[in-house]
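Chains as they are written, first to last, in my numbering: chain A, 2 to 127; chain B, 1485 to 1671. Beta carbons are placed, not taken as given, at the ideal position from N, Cα and C, and that holds for glycine. This one's a predicted model, so the numbers in the text were calculated from it and none came from an experiment.
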Amino acid sequence: MEPIIIEGTPKTPTVKFDATEGVFEIKGRSIPENSVEFYKPLVDWLDSYKETPLIKTVVNIRLEYFNTSSSKCILDVFKKLEAIHKAKNEVEVNWYYEEDDEDMLEAGEDYESIIRVPFKMIEIVE
Amino acid sequence: MGFDIENYLKDQGNNNIILFYKGNVDSDVINHVLDTVEDKMVEANEQSKLRKKVYNVLVESLQNLYHHVDKVPDDFEDQTSEKFGMLVVQKVDSGYKIITGNFVHAENIEKLEEKIKRINRSSHEEIKELYKFILNHQRISAKGGGGLGLVDIARKTGNRLEYAFREYNDKYSFFYLNILVDEREQL
């Protein structure tokens, strides 16, 4: 599978999905007006990956900002990961938040309560 | 026609008004407003916690306008703006005030008001649960909104949504939303 590598912009995050390493990363700001357009290729890619996933997949989410329209798309990403986990593969989500950013921590906890995949909340201390 | 928002600005004597915008709310305008306000908050040495809240609320307010505004009335002075909206960002003692204004079709008023009232009578915990429920159960609409903007604003600010509808004619009202993002600790 070809990896997905997308450079970040002021409104869209940096994305690195590499099927050979099993490490996926979404980092930066995710505040586009049309988030579906941005996330659909990622969700489709995960759909293919879930056919033959590695025994362990690690997902690093390190967002500074995301808008509510991205929040639904990020949930779609997590739902694909949940399916991989349900098929008896190891999946781990690392949710990063800056030390004073309780809103970002709470957002991670929202997903943790909806999605049946192990989450680790990681505080970034400057 | 003179809008309340413009009288408000006059009353304030441009006091600590960081930004006033009136016109078409497109993607470029949103980028420009976000950059401007972010830069001004950095210049003012605001705490990163407050900066982030203001930025988040600003993103949701502007994108609410972008996704949901109704077309302007036929006799309105600005016929060129497809998505006409107004925005004021003001520094106040406890934080920042974000005021938006847009036209709403008479038939859409009730639904919008009901939504705001529901949010305003909910506790912080209930708003959190409402957010999660909508996140998990509602699809993104044809307009591109997720239906979460106002809930997210109330959740992040911990404040009630102040609002008003001013009748423009029998088909349209002008809707104001007045949001306070302050530094007080949330319960």
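In the three-state reduction of the DSSP assignment, A/T15 falls in the strand class, which pools E and B. The beta carbon of B/D1636 sits closer than 8 Å to some beta carbon of chain A. Bounds of the alpha helix (DSSP H) holding B/I1618 are 1608 to 1621. Inter-residue distance for A/K80 and B/N1548 is about 26 Å (C-alpha atoms, whole angstroms).
When B/S1578, B/E1544, B/E1591, B/Q1563 are compared, the shortest CA-CA separation from B/L1571 is found for B/E1544.
For B/I1502, the enclosing beta strand (DSSP E) covers residues 1501 to 1508. With a threshold of 8 Å between beta carbons, A/D48 makes no contact with chain B. Judged by beta-carbon spacing, B/I1603 lies beyond the 8 Å limit of B/L1632, meaning their Cβ atoms are not closer than that value.
One Cα belongs to B/L1493, the other to A/I123, and the distance between them is close to 44 Å. Rounded to the nearest angstrom, the Cβ distance from A/G29 to A/P42 is 17 Å, too far for a contact under 8 Å. In the assembly as shown, A/D102 is a buried residue. Its beta-carbon has 16 or more other beta-carbons within 10 Å. Looking at the DSSP output, B/G1569 shares a beta bridge with B/G1507. If you draw a straight line from the Cα of A/K51 to the Cα of A/E22, it is about 14 Å long. DSSP, read as helix, strand or coil, puts B/K1555 in coil.
Judged by DSSP secondary structure, A/T69 falls outside any beta strand (DSSP E) and instead within the alpha helix (DSSP H) spanning 69 to 87. Chain-ordered, the chain B residues with CB closer than 7 Å to the CB of A/T69 read E1544, G1630, L1632, G1633, D1636.
In the DSSP assignment, no residue is bridged to A/R117. Taking all protein chains shown into account, B/R1623 has fewer than 16 neighbouring C-beta atoms within 10 Å of its C-beta and is therefore exposed. B/V1573 and A/S114 have their alpha carbons spaced roughly 35 Å apart. Residues of chain B whose Cβ lies closer than 9 Å to the Cβ of A/L76 are, in chain order, L1619, N1620.
If you check each beta-carbon in the segment 96 to 117 of chain A against every beta-carbon of chain B, the ones closer than 9 Å belong to E99, D101, D102, E103, D104, M105, E107, D111, Y112, S114, I115. For A/E100, the CB contacts under 8 Å within the same chain, skipping 5 residues up- and downstream, are E124, I125, V126, E127 in chain order.
For A/I62, no CB of chain B lies under 8 Å from its own CB, so it is not counted at the interface with that chain.
If you check the CB distance, A/K121 and A/E93 come in under 8 Å. Against chain A, a Cβ distance below 9 Å from B/K1640 picks out D104.
Residue contact check for B/N1643 against chain A: no CB pair falls below 8 Å.
Within chain A, the residues whose beta carbon sits less than 7 Å from that of B/Y1539 are Y66, listed in sequence order. By DSSP's assignment, B/Y1660 forms a beta bridge with B/G1585, B/A1648. Rounded to the nearest whole angstrom, the CA to CA distance from B/N1515 to B/F1568 is 16 Å.
Residues of chain B with a Cβ closer than 7 Å to the Cβ of A/I32 are, in chain order, V1543. Chain A places no beta carbon closer than 8 Å to that of B/K1524, leaving this residue out of the contacts.
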